[in-house]
Structures are given as C-alpha cells and as structure tokens.
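>
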Amino acid sequence: MTVVMDRVDETRSTPPAPRPFWTTRRRDRLTGYLFITPALLGSIAFVFAPLVLVVWYSLHEWNVLADTFDFAGAENYRKLAEDPNVPAVLRATALFSVGLVVLNLALALLLAVLLNQKLRGTTFFRVLFFSPVVVSLLAWTIVWGFLLQDNGGVNGLLGLFGIDGPNWLRSGGTAMAAVVIVQVFKNVGLNMVLFLAALQGVPQELYEAARTDGAGPWTIFRRITLPLISPTILLTSIITVVGSLQVFAQISVLTQGGPGTSTTVLVYYLYQQAFQFHAFGYGATLSVLLFLIVLALTVLQWQMRKRWVFHEQ
Amino acid sequence: MRKIAATALLCTLTAGLAACGGGQAEADGPITLRMTTWSANPAHVQLFDSIAAEYKQSHPDVTVTFEALPLENYTTTVTTQIAGGNAPDMAWILESAAPDFVSSGALAPLDDAVEEAADLAPSATALWKQDGKLMAYPFSTSPFGVFVNTDLLKQAGQSLPAGNGWTWDNVVKVAGATAAKTGKQGVVVRDFDYKDWTYLATVFQGWGARAWSEDGKTCGFDQKPMVDAMTFLHQGIFTGKAFPAPGVAADFFAGESAMTIAQISRASLLKDAKFGWDLVPLPAGPAGDYSVIGQGGLGVLRKSENAAAASEFVKFFTSPANSAKLAQFFPPPRTSQLTAETLGKANPLLKPEQLQDVVVDGIANGVVKPSHTGSAEITQAVRAALDPLWKPGADVPGVLRGVCTAISPLLAK
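Chains as they are written, first to last, in our numbering: chain Z, 314 to 626; chain G, 827 to 1239.
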C-alpha cells in the first residue's frame, strides 16, 4: 500500500493509478459465487449433466452387454413413434395420473375441511391420516400387496359382509384402481396438511362478514374458502401431477405392469426397456418423452393459474 | 464419447475422493474379486466363503467376495452394474439370460479355466457355448421334481400315485381333493406366480409342447400340444382347483400346499420340516415321461479389470474337488460326479432312489427351461399376452394365438 501511495505522490501530474483488483464489489461477488458453488456443482452433476446425457443417449443404440454404443440419429425417436405399446402405455399413464390427482386432491381437501373444525379428537385423526406419508413407500406397498391378494385381508374383510371381492391386482378392471387407491392413501396426508395450513390462513373476518351478509356454508366455501386457498391448490396439483407421472415402485411391487399391459405406465415401461431389455438408448428416448410431458403439463398449469388462482388475478 | 462423458461425470462426482487416473489395483498388487450370485442362503454363502478362504492360502493377494442379489431382479441388477461401469468380475447367469450373455461378447471364454473339461456333460454345456468355446461354466444343472407333503395327503385320505399311475391326470385329482379337504392349496408351480410363465415348462413339456421351435424362430404357443397343455392347466386351476388361483400365495415349504414343483436345490429348505415329505420326478404327461432342468452358469465378465485373475479363481472354484463340495446344493455338470452315490454323500436329505430318479435321470433326459436371445422382452410379451388366460371361461386357443401374435416379431429379430 505504501508503495502505491509513494508512486501517486511522485506522479501527481499523471491520471490516477488503476484501482486495486479486489474491490469490495468484486469481493462480494466472489463470496457470493463461492457460496452457491456447492449447490451449483450438485445441480450440474445430478440435474443438468444427466439431463443432457439422457438426450445424448437417446440418439444412440446402446447395448450394455455387447458393450456397443453406436450413433443412431433419430432412429430411437422413429421407433417411439411406431412402437405399438406406446398408446397403451400413455393411456395407462393418463389414467393413473387423472385418477390419482382427482382422488388425492378431493380427498385431501375434504379431510382438511373436516379436520379444520374445532372438535375433540381432530389431532388424532390428523396424525392418523398423515402417518402413511412417513412410512417407507416400499413397506407400505408390500403390505398392501398382501392385503390385496385374492385370499388377502381386503377380501377377507369384504367376506365378513358377505361380499365376494374381486381379485384386485389380477383383473384388468381393478388393478389400476387398486394401485391408484394405494397411492392416494399413501400421500393424501401431505396434501391434507398443506390444505389445513391454507385453511387456517383464511382471515376469520371474511367468514364473519359473509355470515353477516347471510351466506350459507356452501356459498362461504365456494366464494371465500376456495378462492383463498387456490394458491395451495395450484401447488398441490403441480406436485401431485408431477409425482403421479413418476410412479414406479408401486407398479413394480404390486402388478409389474400387468395384467396384460393395463398398469404399464411410462416410467415402468422405460425401466423395462432400459434395464430389463437392455435397450438403454430407447429407454433414454422414453425418458425424454416423459420429461417433455412433465414440462408441458407444468407449464400449462402455470399458465392457467391466472384464470383461477386468487393472488394471480 | 460416452466413456469420456461418463468418466468426466464420474470425476466430477468423485473429485476429492479419488484420483481419476484409474483407481483399479495393479494386477500384481492385492486385488479383490467380486462374484454376484442369487443365493443369500447362509449354508451356500458359508461354502463359497470357505472355498475363497482356501484359495487365499495359495493366492494371498486375492480376496474374493460374494454379492448376493435378489433373484427377481438378478439379471437387471447385473446389467445395471455393467452399465454403471461397476461390472462384477464374475457373475452367475440364469439360463433365461444365457443366450444374451453368451452371444453378446460380455463374457470372457473359459476354455482354459476349466479343469478336466472333457468330464462336462454336453447336455449341460450346450446353452453356454459360443462357436465351440465355453463362455460360462454351468455350475448348477438342477432338475425340477415334485415335492409332496405326505402328511397333508394322508390327512385328506389320499395316497401318492405310484408307477404308471404317476400322471398329470392323477396329480390333479389328488391335489384337488387334498386342497378341498384340508383348506390348503393343491400343487404349486413354485416361482410361477402367474408372472414367470417359463416355470410352466415343467407342466407343458409333458404334452411335448415348446414355447418356440428349436431354432427359436417359430412360436409354439398356438400349436396343438401347447393348447392341450394350457387347457389342462386352465381346468386344473379353475375347475379342479388343484393349482392355487391367481393372486393366491401358498408356500409348500411352510406346509401350505400338498405338492410343489421345484428344483432339487430347494430340498435344503426341508431340513427342519415339521411334516413328512417325498420327492418324486415330474409326472408323466400325454407325451410320456419327461424332465425339465434349470441351469445357472458362472462367467467372467470381459469388462472386469481383473479378468485373468477371475478366470484363475473360476478354475479353482469349479475344480473337481470343489465341484464335489458344491454338489450338495448345485447338481454338477461333471458326469463323473453325477451318480446317486456321489450326490448322496452331499445330499443327506435325499434318498438314493430320489437322486437317481430326479437328478441323475433328470439331467440325462432333461430339457432346459425356455431361453432365447432377447429373452427378457419375449418373456415379458408372453406374460402380458397370457394374462387373459388366468380367469374362468377364458378362450384358451384364442389367448394362445394372441401370444404368438405378440412374440412372433420378437422371435424373428
């Protein structure tokens, strides 16, 4: 520092010397970058790089056993367009997603409204409905697999009432419904808690004002509660839609995509192609398709929010 | 390019933990060899460990570990390990996956790694050869037999048909009657569970039916023998109630069924059985006597960094002396050891005539369970197309024609 000062003194007539490189601004910037580096590296390694690699793989014919990795251009995408299984797979995926989203959100909202009442025992029921969320997914699914067997607990219970229950996981009509319901019970608690939090955030004076104006319970729910919790409905619907498209363990444990291909959803199909049939290139192509579907649905929901989400209007 | 990308990614992930200049041990330093298996049975693991320990005495630098993977996803898991650059040095291979592994070049030839190779039964090695070279050693050639819970039969007032009476027709009668009387199940085709239909070969082979032709090109499901066999099976399930219905779980070894079709290696599960049992060959079908074998191969992965050392260990593991030890669980491919006498020493649970009838004769005349190149995809297509069969009133010939429609393009590949 002294040296610089001396030089300034000596050359008073010349323009001021360049400022030191490490200005406060630069220091702050560096600190900022250093802070985000770990997260950034993590994102690059675990999110962006795999994303790029999947697209790269989808352009190749990759046979792991033969150790071949040949550029195939759009071949896998042509195969995708011509694959006779894809329409059935997309239908099963749509059926699962729609079933799950509708049932999950409706049930979660219903439970949240019921458990938002000031009654004895609501805490117990909140814990009861939330507890499956913290149970291991596999354990939950395996237990349900036993319960849903033809001679399992569910049909045993139905038998007590003289009802001859169907073979839940083995018949085309009920297998998908069974998988959806198992998943709804697993995760409804999470959405219920989010809805509960939203319900408790609705200002009481709005309800009082509505009642003063003579509004009935249904009108209050429709005109006040629903609009005010609509941001939470948006959040839960995005989470649930994305989650429903990624369902795997439940299918793998309960039905392995059967009977026939009635529960072969997209993720399970891409798992079969890549890991069971050794067609990693085509599996990667299917995951690109899945990525695009998830992206499109999320963008769509985000765009449509202005129409119905309260704070976005 | 993929390797570069994968290495770059791996380096990113492991930066700070290990250098990226190739972390494998030098060939002349201490090395660890890993063998993937599908058996976590403590008795099996103990035997493998003792063989590895013995090997270490002469090869102090080599440690061998055994990684037991679940059977249901075995091939998938091994394939994933290979894809992830973490290939095992040695792997057991299921017979269903044999054509894929053998023909793909994933395995290193074993011709120099098998002692007294001339002793190997040709029927045992057929599936594991490529251009005359042995690509995997069939360490287990295990015939299917029928385990019978004699107590349950007695309880139902039934007796086990013997001699010429040991036919599928009688099996269904006895099993159906036992199930009806005791409330337990009749005959369980173990591991079939209405998913892995390849185990049904233990039934349809009795009608002379084949899933596909010898050359693997023509579908056999719509042929008369298969239609007859599947019609019989369908009636046995839904009319005779001799087989457990879809979705009904029953474990013979826990005393839940009268009979089960399983490989003889399962006999070890009967060590502490609380019921009387017998082991008999598969019953005769309309096409006469037959037997079906399941195989397990042991191969060295070409991708292994220590393939040479792994081959050396395989040579030791499969030597006549160790083969005799392994014979107590896995019927060996060595003809000199395939006698009721030798097998009897290792299988105290089984009587000499059981070993002769089921194992020795079974291996000599047996047909290996269905396998094909791309078998996972074909097996899956058959499973999906067969599903409509597993309900009362199904149109058996129609469903089987559907199976052929589904798999013919795959067989032609």
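Just so it is clear, CB atoms sit at the ideal spot from N, CA and C, and this is done for glycine as well. Since we're looking at a predicted model, the values are computed, not measured.
Given that G571(Z) touches chain G, what residues does it touch there, using C-beta distances under 9 Å?
Here the neighbours are Y1020, K1021, R1209, A1210, D1213.
> Can you have a look at A844(G) and say buried or exposed, based on whether 16 or more other CB atoms are within 10 angstroms of its CB?
Bear in mind that the predicted position of A844(G) carries a pLDDT of just 38, short of 50, making it too unreliable to give a figure here.
> So, with DSSP's three-state summary, where would you put Y584(Z)?
If DSSP states are grouped into helix, strand and coil, Y584(Z) belongs with the helices.
> So what's S985(G) in DSSP terms, helix, strand or just coil?
It is coil, neither helix nor strand.
> Could you tell me whether the segment 395-408 of chain Z touches the segment 570-588 of chain Z, using the rule of 3 or more Cβ pairs below 8 Å?
Verdict: yes, contact present.
> Between A1153(G) and L1169(G), what straight-line distance do the alpha-carbon atoms span, to the nearest angstrom?
Cα to Cα, the separation comes out at about 7 Å.
> Would D902(G) count as contacting chain Z if we go by Cβ distances under 9 Å?
Correcting the residue type first, residue 902(G) is Thr in the shown sequence and not Asp. With 9 Å as the cut-off, T902(G) counts as an interface residue toward chain Z.
> Report the residue ranges of all alpha helix (DSSP H) runs contained in full by the segment 1000-1065 of chain G; include only those spanning at least 4 residues, in chain order.
Listed in chain order, they are 1027-1030, 1050-1064.
> One question on the structure: do M916(G) and G1120(G) come within less than 9 Å of each other, judged by their Cβ atoms?
Result no, Cβ atoms of M916(G) and G1120(G) do not sit closer than 9 Å.
> Per DSSP, which residues does Y963(G) bridge with? Please list them.
Answer by DSSP bridge pairing, in chain order: L1124(G).
> Looking at the C-beta of T1243(G), does it have a partner C-beta in chain Z at a distance below 9 Å?
As displayed, chain G neither begins before 827 nor continues past 1239, which places residue 1243(G) out of reach and without an answer.
> Measure from the alpha carbon of G1219(G) to the alpha carbon of each residue in D926(G), G1062(G), N990(G), then state which is nearest.
Nearest of D926(G), G1062(G), N990(G) to G1219(G), Cα basis: G1062(G).
> Give me, in chain order, the residues of the same chain whose beta-carbon lies closer than 6 Å to that of Y1025(G); leave out the 5 immediate sequence neighbours on both sides.
Correct list, in chain order: V1015, D1017, F1018.
> In whole angstroms, give me the CA-to-CA distance for G355(Z) and T337(Z).
Rounded to whole angstroms, G355(Z) to T337(Z) spans 28 Å at the Cα level.
> Indicate whether D951(G) and A982(G) have their beta-carbon atoms separated by less than 9 Å.
A small correction: the amino acid at residue 951(G) is Thr; Asp does not occupy that position in the sequence shown. No, the Cβ-Cβ distance between T951(G) and A982(G) is not below 9 Å.
> What residue ranges within the segment 1171-1226 of chain G form continuous alpha helix (DSSP H) runs of no fewer than 4 residues, ordered along the chain?
Counting only runs of 4 or more, we get 1187-1191, 1201-1212.
> Measure from the C-beta of T611(Z) to each C-beta in chain G and report whether the shortest distance is under 9 Å.
So, not an interface residue.
> Contact check, L1105(G) vs L1176(G) under 8 Å by CB: the rounded distance?
Contact holds; Cβ gap of about 6 Å.
> Closest to I542(Z) by C-alpha separation, out of K431(Z), A510(Z), T436(Z), would be which residue?
Checked all of K431(Z), A510(Z), T436(Z); the closest Cα to I542(Z) is A510(Z).
> Between which two residues does the beta strand (DSSP E) harbouring L859(G) extend?
Unbroken beta strand (DSSP E) run through L859(G): 857-863.
> Select from E1131(G), T1144(G), I1233(G) the residue whose C-alpha is nearest the C-alpha of P856(G).
If we check each option's Cα against that of P856(G), E1131(G) comes out closest.
> Please report the straight-line C-alpha distance between N480(Z) and M489(Z), rounded to a whole angstrom.
The alpha-carbon atoms of N480(Z) and M489(Z) are separated by roughly 12 Å.
> Straight-line CA distance for K980(G) to Q586(Z)?
Rounded to the nearest angstrom, the two C-alpha atoms are 49 Å apart.
> How is the beta strand (DSSP E) around W1103(G) delimited, first residue to last?
Residues 1103-1106.
> What residues are listed by DSSP as bridge partners for W918(G)?
Answer is L1124(G).
> Please report the straight-line C-alpha distance between G466(Z) and A1037(G), rounded to a whole angstrom.
In a straight line, the C-alpha of G466(Z) is about 36 Å away from that of A1037(G).
> Counting Cβ pairs, one atom from each stretch, are 3 or more of them under 8 Å apart for the segment 1087-1098 of chain G and the segment 932-946 of chain G?
Judged by Cβ distances under 8 Å, the segment 1087-1098 of chain G makes no contact with the segment 932-946 of chain G, as fewer than three pairs qualify.
> Looking at the unbroken beta strand (DSSP E) that takes in W375(Z), where does it start and where does it end?
Unbroken beta strand (DSSP E) run through W375(Z): 373-376.
> Between the segment 442-449 of chain Z and the segment 525-533 of chain Z, can you find at least three pairs of beta-carbon atoms closer than 8 Å?
Output reads no: the segment 442-449 of chain Z does not touch the segment 525-533 of chain Z.
> Expressed to the nearest angstrom, what Euclidean distance is found between the alpha-carbon atoms of V871(G) and F1143(G)?
Going from the Cα of V871(G) to the Cα of F1143(G) covers about 13 Å.
> Given a cut-off of 9 Å, decide if T862(G) and P1244(G) are closer than it, judged by their beta-carbon atoms.
As shown, chain G starts at 827 and ends at 1239. That puts residue 1244(G) outside it, with no answer to give.
> Could you give the distance in angstroms between the alpha-carbon of V554(Z) and the alpha-carbon of V414(Z)?
Cα to Cα, the separation comes out at about 6 Å.
> Can you round the beta-carbon distance between S1117(G) and P969(G) to whole angstroms, since I take them to be within the 8 Å contact cut?
Confirmed, about 5 Å.
> Among residues of its own chain, excluding the 5 on either side of A609(Z), which ones have a beta-carbon nearer than 7 Å to its beta-carbon?
Excluding positions up to five away in sequence, the list is empty.
> Could you check where the beta strand (DSSP E) with T889(G) kicks off and where it finishes?
Counting along the chain, the beta strand (DSSP E) containing T889(G) begins and ends at 888-894.
> Quick check on T568(Z): buried or exposed, where buried means 16 or more other Cβ atoms within 10 Å of its Cβ?
So T568(Z) counts as buried.
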